[in-house]
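Data first, discussion second: the structure below is written as structure tokens.
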Amino acid sequence: MSLRNLTTRVGLLRRPVSIGVPIYKKLPLNGKRWASDVESFKSETCENDTDNSYEATGVIDYKKQHEVLIFFDNIYPRWLAKLEYKSFIQPFRWLQKRLGDEALTERLVSMVADGDHPLPKETCVTQVAPLIRDGGVFVKFVVPPNSTPKELTQRLENNIKRNRQKRSNPIKDLYGFWKPPPRAYQVKGTPWIEDLSRFPSPKLKVKFQGDPLTEEELYLLFRRYGQIKDIVPASSSTPYATVVFRYTDSCIRAKNCVTGLTYNNGKSTLHLQYIPVERVNYVANMINNHQRIAIPIILAILATIAVLIFEPIREQFIKFKINHRSWNGHKDHWLVKMFYVPYRTLANWITDTTTFIDDSIGSFTGDRKASSEDMSLVDLQSNMFLQERSDKANDLKMWLYENANTFIIVRGPRGSGKREFVVENALSKQDEIGRRVLELDCATMVKARNDKAFLKSAASQLGYFPIFTWTNSISQFVDLGVQGLTGQKSGLSESKETQFKNMLQLTASAIRKVALADFESYKAEVKKQRKAKSNADSDASFDNESVDLREDDYLQSHPKVKPVIVVENFLRKSESSNDFIYKSIADWAAQLIQSNTAHVIFITSDASSTTHLTAALPNQVFKTVSLADASMQSAKHYVMSQLKDMELRSSIDHCLVPIGGRMLDLQAFVRRVRSGESADDALHQMVSQAAEQITTFFLNVSPNSGEINWSTDQIWALMRHLADRDSVSFAELAKSPLFGDNHDTISTLQVLEKNDLILLQRDKGIVSTITTGRPLYKAAFKTLVEDKAIFKLYESRLIRSLIKLENAKIAQLEDEISKISEAVGSDWFKDRLNYVESKINASTQAIRQYENQIKEVSNIGVETKKGFFGF
Numbered sequence: 001m002s003l004r005n006l007t008t009r010v011g012l013l014r015r016p017v018s019i020g021v022p023i024y025k026k027l028p029l030n031g032k033r034w035a036s037d038v039e040s041f042k043s044e045t046c047e048n049d050t051d052n053s054y055e056a057t058g059v060i061d062y063k064k065q066h067e068v069l070i071f072f073d074n075i076y077p078r079w080l081a082k083l084e085y086k087s088f089i090q091p092f093r094w095l096q097k098r099l100g101d102e103a104l105t106e107r108l109v110s111m112v113a114d115g116d117h118p119l120p121k122e123t124c125v126t127q128v129a130p131l132i133r134d135g136g137v138f139v140k141f142v143v144p145p146n147s148t149p150k151e152l153t154q155r156l157e158n159n160i161k162r163n164r165q166k167r168s169n170p171i172k173d174l175y176g177f178w179k180p181p182p183r184a185y186q187v188k189g190t191p192w193i194e195d196l197s198r199f200p201s202p203k204l205k206v207k208f209q210g211d212p213l214t215e216e217e218l219y220l221l222f223r224r225y226g227q228i229k230d231i232v233p234a235s236s237s238t239p240y241a242t243v244v245f246r247y248t249d250s251c252i253r254a255k256n257c258v259t260g261l262t263y264n265n266g267k268s269t270l271h272l273q274y275i276p277v278e279r280v281n282y283v284a285n286m287i288n289n290h291q292r293i294a295i296p297i298i299l300a301i302l303a304t305i306a307v308l309i310f311e312p313i314r315e316q317f318i319k320f321k322i323n324h325r326s327w328n329g330h331k332d333h334w335l336v337k338m339f340y341v342p343y344r345t346l347a348n349w350i351t352d353t354t355t356f357i358d359d360s361i362g363s364f365t366g367d368r369k370a371s372s373e374d375m376s377l378v379d380l381q382s383n384m385f386l387q388e389r390s391d392k393a394n395d396l397k398m399w400l401y402e403n404a405n406t407f408i409i410v411r412g413p414r415g416s417g418k419r420e421f422v423v424e425n426a427l428s429k430q431d432e433i434g435r436r437v438l439e440l441d442c443a444t445m446v447k448a449r450n451d452k453a454f455l456k457s458a459a460s461q462l463g464y465f466p467i468f469t470w471t472n473s474i475s476q477f478v479d480l481g482v483q484g485l486t487g488q489k490s491g492l493s494e495s496k497e498t499q500f501k502n503m504l505q506l507t508a509s510a511i512r513k514v515a516l517a518d519f520e521s522y523k524a525e526v527k528k529q530r531k532a533k534s535n536a537d538s539d540a541s542f543d544n545e546s547v548d549l550r551e552d553d554y555l556q557s558h559p560k561v562k563p564v565i566v567v568e569n570f571l572r573k574s575e576s577s578n579d580f581i582y583k584s585i586a587d588w589a590a591q592l593i594q595s596n597t598a599h600v601i602f603i604t605s606d607a608s609s610t611t612h613l614t615a616a617l618p619n620q621v622f623k624t625v626s627l628a629d630a631s632m633q634s635a636k637h638y639v640m641s642q643l644k645d646m647e648l649r650s651s652i653d654h655c656l657v658p659i660g661g662r663m664l665d666l667q668a669f670v671r672r673v674r675s676g677e678s679a680d681d682a683l684h685q686m687v688s689q690a691a692e693q694i695t696t697f698f699l700n701v702s703p704n705s706g707e708i709n710w711s712t713d714q715i716w717a718l719m720r721h722l723a724d725r726d727s728v729s730f731a732e733l734a735k736s737p738l739f740g741d742n743h744d745t746i747s748t749l750q751v752l753e754k755n756d757l758i759l760l761q762r763d764k765g766i767v768s769t770i771t772t773g774r775p776l777y778k779a780a781f782k783t784l785v786e787d788k789a790i791f792k793l794y795e796s797r798l799i800r801s802l803i804k805l806e807n808a809k810i811a812q813l814e815d816e817i818s819k820i821s822e823a824v825g826s827d828w829f830k831d832r833l834n835y836v837e838s839k840i841n842a843s844t845q846a847i848r849q850y851e852n853q854i855k856e857v858s859n860i861g862v863e864t865k866k867g868f869f870g871f
């Protein structure tokens, strides 16, 4: 159909059509009006229905000669349309309808009312039909008797423009850039008010029920609603046309004003529909098409976000751990009280009830509460060690205040109270330098059974929170999947060693910030003092920029502000897979010392633990504090204080000598006596238990397992000698055939010291004397040696081992004789032969003595105890 034919039928070009007059009013229909197909279908199907409203049918009924239907756009924000289709909005729809209709009507009336150009009195709003999905509303106005729809529509448009100009201001003008003001357009067709999930878009599908329109005719019809980018007319392959507007608002206006329009004498009708926008997910396409590039980038972004969010939080919690702060300091805040007071009241009620029950049970059974008799570890230290170790504690404090190479090692046997000496005595919380202490227990971390437990233990001691251990398992699967897709690892999965080092690095940063917490205040105070001094001196001039204080100078001159790092149970090596922590902590501590950030104190019972420390700080001399067991007077004072209400105080003096001053053994003795055992029985049980430990862990083990590089004969020789003597010199021990090589002997003794069997005393770093590792072991050695069956077994083994050594010597000497026999007639032959012969005779004589000793041991038993080391 040509444009001229459309003009003849509709009269669009013959007479310019005003917005106030519908197109069908210009049709030559001989006084009749052709209704659209939707209106005809409604009249046919809804004749007997009681509800013919637009909510039920989607079609607004109005008399086109006496009423005008206007579409207002930009009344609602279009993002509300998507909320309309959300399930959680459904219960509130009734509230929206009840509160929104009257307010909406008042708003629309205020938009079209104008005091200078009022509307006729007969004009009123008879119906309002919101279309929230499209952000607009349909409003039906009554046409006054002395007016026409065209005049009323023109007056409405003019009033809206004047009101918009009157209410214009700079703020609203700026706001109009992204939210245009509402506009009014007359509805030309029969609007279809549906609530389908067809959201607005800039593209409009035009379906023709009858003859299609050409491209020029479509432009003529839709251009008044906004600028058009493109028009695709209908063709044989596509029975519909496509109109592409520049803006979505234009498409909304066209769709709601033109849909249902009839032309060609009512034989043709337009049906409009939004064409959904086909959105392209470039991110998903990038990931799918370029996995080797996209996945590492995504992982890097996620890691960066995690660092930016969680690292400051973790650093703050580490500061709380160092400063010994908790949420208890915020209990006075009203918000905390609101939740804490009810909880504390309930907890106190439960605790009081539990205490009443415990007291009632104790009153019937006659039992005393253990807490009233148990002496705390702090009281123990004040009795046993406070006076004896006060000089060493003062030395440790002075080293910290000197602030020069504060890399301190505290040594001592197990159970000697090293940790309490450092934390409770030397670093008392009453002193300023003891208020910032971070304790790390290597034993707890090493004993962790798996990676998750290890990370939790390390994070708990460092104050590293929050930590997500479950991400390790997920990251391993992700890393495996990425490696299968891209051929390379993503790097998301980290070993526990790497994660532990990252924890230490963040802790180092937090420690430095704690040390420099008062640096700015100190700097401001120095500036203030210098300025006051310059004002007092009239000739001096003060310059703010001249005050240049460095952080290192501040830390060097103020040792009290530096935190103290206490590392407990530091060893050289363990049999756990987590023994890498020793080297990591040593390197980390060396970094703290070199940056002058903290004081570091290592607590160890392993003399060889300095291996890692020397490697970390090769050019530094460590300051060492050696702790020993308590004296007999202090040990007796402790036991008497624990048994002050008992009748056994007078009968325990002879039992304390074998136990000595080892704290753990004294506590075990006190517990046994309290449980009802006599002092002699308690001592006997402890000695028997110690003897059983020695035979299990030292005498009956395979030399090829783990770090065990000693022999049963060496252990038995040491036990025999230390059973009757307090110590043995290293020079005397080195003469024994069992301890031949000096290097191997020292290595063996160090391993025995690490396992707490013996204790090596050094003079200028060289081993000089060997003693028992625990005082109780001396009595255990004596018990084992005096047992006839045990003595016969291990003494026979010892003598046979010595015989083997002598036979080996004789075999070597015989080989030498066979070699020198080739040099018969030489001058040195006779001298060398006589020397070798004397050696063979000496070994032979020794073998005879050993064989006699074996007979004596088998016949006499423990009465023969000569030749402890076989010489």
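The numbers in UniProt numbering rise by one with no breaks, and the one at position 417 of the sequence shown is 417.
Glycine is no exception: its CB is placed at the ideal position from the N, C-alpha and C atoms.
Bridge-paired residues (DSSP) for Arg797: Here the question's residue 797 lines up with position 797 in the sequence shown. The partner list for Arg797 (beta bridge, DSSP) is empty, contrary to what the question assumes.
Integer Cβ distance of Leu270 from Gly189, believed to fall under 8 Å: On the sequence shown, position 270 is the one that residue 270 refers to. On the sequence shown, position 189 is the one that residue 189 refers to. With a Cβ gap of about 7 Å, Leu270 and Gly189 count as contacting.
Close Cβ partners of Leu377 (< 7 Å) along its chain, the five nearest in sequence each way excluded: The residue you call residue 377 lines up with position 377 of the sequence shown. With a pLDDT of only 42 at Leu377, under the threshold of 50, the placement of this residue in the model should not be trusted; the figure read from the coordinates follows. Once the five neighbours on either side are set aside, the close Cβ partners of Leu377 are Glu420.
Ranges of the alpha helix (DSSP H) found wholly within the segment 196 to 243, counting only runs of at least 4: 215 to 222
Cβ pair Phe138, Leu69 closer than 9 Å: The residue labelled residue 138 in the question sits at position 138 within the sequence shown. The residue labelled residue 69 in the question sits at position 69 within the sequence shown. Yes, they are a contact pair.
When Asn841, Ile790, Asp787 and Glu786 are compared against Ala811, the one with the closest alpha-carbon: As a working note, residue 811 is residue 811 in the sequence shown. Of Asn841, Ile790, Asp787 and Glu786, the residue nearest in Cα terms is Asn841.
Span separating the alpha-carbon of Lys788 from that of Ser858: In the sequence shown, the residue the question calls residue 788 occupies position 788. In the sequence shown, the residue the question calls residue 858 occupies position 858. Each residue's alpha carbon lies about 10 Å from the other.
Where the beta strand (DSSP E) containing Gln620 begins and where it ends: Indexing the sequence shown from 1 puts residue 620 at position 620. That residue, Gln620, is in no beta strand (DSSP E); it is neither H nor E in DSSP.
Same chain, Cβ closer than 6 Å to Arg198, five either side skipped, listed in chain order: Taking the first residue of the sequence shown as 1, we reach residue 198 at position 198. Cβ neighbours of Arg198 beyond the five flanking positions: Tyr274.
Whole-angstrom distance between Ala668 and Arg720, CA atom to CA atom: Within the sequence shown, the letter at position 720 stands for residue 720. Within the sequence shown, the letter at position 668 stands for residue 668. Distance between the alpha carbons of Arg720 and Ala668: 26 Å.
Bridge partners - Gln761, DSSP secondary structure assignment: Position 761 of the sequence shown, counted from the start, is the residue given in the question as residue 761. Paired residue(s): Thr769.
Sequence-distant residues of its chain with Cβ nearer than 8 Å to Ile854 (five each side left out): Position 854 of the sequence shown, counted from the first residue, corresponds to residue 854. Contacts found: Ser796, Ile799 and Arg800.
Proximity winner among Phe208, Ile287, Ile301 and Ser747, relative to Phe264 (alpha-carbon distances): As a working mapping, residue 264 is identified with position 264 in the sequence shown. Looking at the sequence itself, residue 264 is Asn, so the reference to Phe does not match. Taking only the C-alpha atoms, the option nearest Asn264 is Phe208.
Spatial neighbours of Ser574 in its chain, beta-carbon cut-off 7 Å, leaving aside the 5 residues before and after: In the sequence shown, the residue the question calls residue 574 occupies position 574. Excluding sequence neighbours, Ser574 sits near Val446.
Inter-residue CB distance, Val687 and Thr783 (contact presumed, cutoff 8 Å): Start at 1 with the first residue of the sequence shown, and residue 687 comes out as number 687. Start at 1 with the first residue of the sequence shown, and residue 783 comes out as number 783. Contact flag correct, Cβ pair sits at about 6 Å.
Ile603 and Gln620 closer than 9 Å at C-beta: One-based indexing of the sequence shown puts residue 603 at position 603. One-based indexing of the sequence shown puts residue 620 at position 620. Cβ distance not < 9 Å, so Ile603 and Gln620 don't count as in contact.
Continuous alpha helix (DSSP H) stretch holding Asp441: start and end: Here residue 441 refers to the residue found at position 441 when the sequence shown is read from its first residue. Run containing Asp441: none in the alpha helix (DSSP H); it sits in the beta strand (DSSP E), Val437 to Asp441.
Own chain residues within Cβ distance below 7 Å of Lys267, not counting five before or after: Here residue 267 refers to the residue found at position 267 when the sequence shown is read from its first residue. Taken in chain order, the residues that qualify are Gly210.
Helix, strand or coil at Ala590 [DSSP, three-state]: Taking the first residue of the sequence shown as position 1, residue 590 is located at position 590. Ala590: helix per DSSP, three-state reduction.
CB of Ser608 within 9 Å of CB of Tyr582, strictly: By 1-based counting over the sequence shown, the position of residue 608 is 608. By 1-based counting over the sequence shown, the position of residue 582 is 582. No. Outside cutoff.
Per DSSP, cross-strand counterpart(s) of Leu69: Translated into the one-based positions of the sequence shown, residue 69 becomes position 69. DSSP output for Leu69 lists Lys140 as bridge partner(s).
Beta carbon proximity, Met398 to chain D, threshold 9 Å: Among the chains in the structure shown there is no chain D, since it carries only a single protein chain.
CB of Gln461 within 9 Å of CB of Glu439, strictly: For the purposes of this step, residue 461 is taken as residue 461 along the sequence shown, with counting starting at 1. For the purposes of this step, residue 439 is taken as residue 439 along the sequence shown, with counting starting at 1. Yes, Cβ-Cβ distance for Gln461 and Glu439 is below 9 Å.
At least three beta-carbon pairs within less than 8 Å, the segment 733 to 747 to the segment 691 to 699: no
Pair within 9 Å by beta-carbon distance, Ala717 and Phe781: Here residue 717 refers to the residue found at position 717 of the sequence shown. Here residue 781 refers to the residue found at position 781 of the sequence shown. No, these two residues do not count as a Cβ contact at 9 Å.
Local conformation of His654 per DSSP, three classes: Locating residue 654 in the sequence shown gives position 654, counting from the first residue. DSSP places His654 in helix when its eight states are reduced to three.
The segment 404 to 424 in contact with the segment 760 to 770 per 3-pair CB rule at 8 Å: no
As assigned by DSSP and simplified to three states, the class of Ser747: Within the sequence shown, the letter at position 747 stands for residue 747. DSSP places Ser747 in helix when its eight states are reduced to three.
Opening and closing residue of the alpha helix (DSSP H) in which Phe602 lies: Here residue 602 refers to the residue found at position 602 when the sequence shown is read from its first residue. Note, Phe602: premise wrong, no alpha helix (DSSP H); beta strand (DSSP E) at His599 to Thr604.
Selected residue, minimal CA-CA separation from Glu837, among Asp815, Phe41, Leu261 and Tyr282: Position 837 of the sequence shown, counted from the start, is the residue given in the question as residue 837. Of Asp815, Phe41, Leu261 and Tyr282, the residue nearest in Cα terms is Asp815.
Exposed unless 16 or more other CB atoms sit within 10 angstroms - verdict on Leu733: Here residue 733 is taken as the residue at index 733 of the sequence shown, counted from 1. Leu733 comes out buried.
Classification of Lys562 by the beta-carbon crowding that lies within 10 angstroms, buried from 16 upward: For this step, residue 562 is matched to residue 562 along the sequence shown. Label assigned to Lys562: buried.
Burial state of His599, where buried means 16 or more other Cβ atoms lie within 10 Å: In the sequence shown, counting from the first residue as 1, residue 599 sits at position 599. When all chains shown are included, His599 counts as buried.
Secondary structure, beta strand (DSSP E): runs of 3+ residues fully inside the segment 389 to 424: 407 to 411
Residue burial classification, Asp713 (beta-carbon count within 10 angstroms, cutoff 16): Along the sequence shown, one-based indexing puts residue 713 at 713. Classification for Asp713: buried.
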